[in-house]
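Enquirer: Going by our numbering, the first residue of the sequence shown is number 334, and it counts up by one from there.
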Amino acid sequence: MPDFFDVVLTQRAARSFLPDEVDDETVVRILTAATHAPSAENSQPFVFVVVRDPELRAVIGELTARVWEGGARDAEALRLSPGFLREVEQGALGGVAGAPVLVVVCGDARLTFPEAMEASVFPAVQNLLLAAHALGLGSALTTMPVLAGSGLTEALGLPPEITPLAVVPLGHLPKPLGPPRRRPLAEKAHLDRYGNPLPGL
Ligand SMILES: Cc1cc2nc3c(=O)[nH]c(=O)nc-3n(C[C@H](O)[C@H](O)[C@H](O)COP(=O)(O)O)c2cc1C
Numbered sequence: 334m335p336d337f338f339d340v341v342l343t344q345r346a347a348r349s350f351l352p353d354e355v356d357d358e359t360v361v362r363i364l365t366a367a368t369h370a371p372s373a374e375n376s377q378p379f380v381f382v383v384v385r386d387p388e389l390r391a392v393i394g395e396l397t398a399r400v401w402e403g404g405a406r407d408a409e410a411l412r413l414s415p416g417f418l419r420e421v422e423q424g425a426l427g428g429v430a431g432a433p434v435l436v437v438v439c440g441d442a443r444l445t446f447p448e449a450m451e452a453s454v455f456p457a458v459q460n461l462l463l464a465a466h467a468l469g470l471g472s473a474l475t476t477m478p479v480l481a482g483s484g485l486t487e488a489l490g491l492p493p494e495i496t497p498l499a500v501v502p503l504g505h506l507p508k509p510l511g512p513p514r515r516r517p518l519a520e521k522a523h524l525d526r527y528g529n530p531l532p533g534l
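1. Taking Asn-375 as the reference, which of Ala-452, Gly-511 and Thr-476 has the closest Cα?
2. Check for me: the beta strand (DSSP E) holding Thr-381 runs from which residue to which?
3. Quickly, what does DSSP pair Ala-522 with across the bridge? List them, please.
4. Report whether the distance from the Cβ of Gly-394 to the nearest heavy atom of ligand 1 is below 7 angstroms.
5. So Pro-497 is in the beta strand (DSSP E); what residue range does that whole segment cover?
6. Express the C-alpha separation of Arg-390 and Ala-481 in angstroms, rounding to a whole number.
7. For Val-400, which residues from the same chain have a beta carbon less than 6 angstroms from its beta carbon, with the 5 sequence-adjacent residues on both sides left out?
8. So, for Leu-364: in the same chain, excluding its five sequence neighbours on each side, which residues have a beta-carbon less than 6 angstroms away from its beta-carbon?
9. Determine the closest residue to Arg-516 out of Gly-504, Val-438 and Leu-342, with distance taken between C-alpha atoms.
10. Taking all protein chains shown into account, decide if Val-458 is buried (16 or more other Cβ within 10 angstroms of its Cβ) or exposed.
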């Protein structure tokens, strides 16, 4: 098992995948790590729908492409560098949906209050991403497919109290992703009061 800091400092969003399967045992291991995340009042409102069905994965791909072409591309083009835009576009137009497993991460409204829902689901997504990476698999936090109105809810038969919040592809990588790009910690951390540099940086 790799060192924790090697895992956390090299995890990145993957947007292309080999068709090779990810076995059930591995998915269970990754989702078990996800359920160990913190949640408000230990409410554990996360729900994981593991999508393997090629037809359903294609539907998720179509929903993502619809959101991308229906406005997300134009919005992102104003903010992302050309290379980054190409990566996200390639993911939105089939790369992400090409993973053999798509985990649709949802929140169960019966288990926590609205203000705590996302803060209680996204730590589980982060655990999921890290566990996948620790096991040598690619993954990514994506939200585009959940922005396509009720499409995902209808395709998966989600009851009204279960809201989709993210779709995480899981699969084997065609090639390593390279190092993550991050702003220096000195820009992000402060001592006691905003603007005071943190010693050690
Ligand atoms: C709230 C949120 C929504 C995101 N949605 C998408 C998405 O819809 N599609 C996508 O390709 N990446 C998505 N990402 C992934 C980010 O682009 C990625 O985490 C970020 O660029 C860092 O890149 P890295 O993981 O390669 O270091 C999302 C990330 C977050 C936190």
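C-beta: ideal position from N, C-alpha, C; glycine also.
Expert: For this structure:
1. Here residue 375 refers to the residue found at position 42 of the sequence shown. Of Ala-452, Gly-511 and Thr-476, the residue nearest in Cα terms is Ala-452.
2. Sequence index remark: in the sequence shown, residue 381 carries index 48 (1-based). Note that residue 381 is Phe in the sequence shown, not Thr. 379 to 384 is the extent of the beta strand (DSSP E) around Phe-381.
3. Along the sequence shown, one-based indexing puts residue 522 at 189. DSSP, once it has assigned bridges, lists no residue as partnering Ala-522.
4. Mapped onto the sequence shown, residue 394 falls at position 61. False, no ligand heavy atom lies under 7 angstroms from that Cβ.
5. By one-based count along the sequence shown, residue 497 stands at place 164. First-last of the beta strand (DSSP E) with Pro-497: 495 to 504.
6. Here residue 481 is taken as the residue at index 148 of the sequence shown, counted from 1. Here residue 390 is taken as the residue at index 57 of the sequence shown, counted from 1. Looking at the two C-alpha atoms, the distance is approximately 15 angstroms.
7. Start at 1 with the first residue of the sequence shown, and residue 400 comes out as number 67. So the list reads Met-477, Leu-480 and Ala-481, once near-sequence residues are dropped.
8. In the sequence shown, residue 364 corresponds to position 31, counting from 1. Result list for Leu-364: Phe-381, in chain order.
9. Counted from its first residue, the sequence shown places residue 516 at position 183. For the options Gly-504, Val-438 and Leu-342, the alpha carbon positioned closest to that of Arg-516 is the one of Leu-342.
10. Position 125 of the sequence shown, counting from 1, holds the residue named residue 458. It counts as buried.
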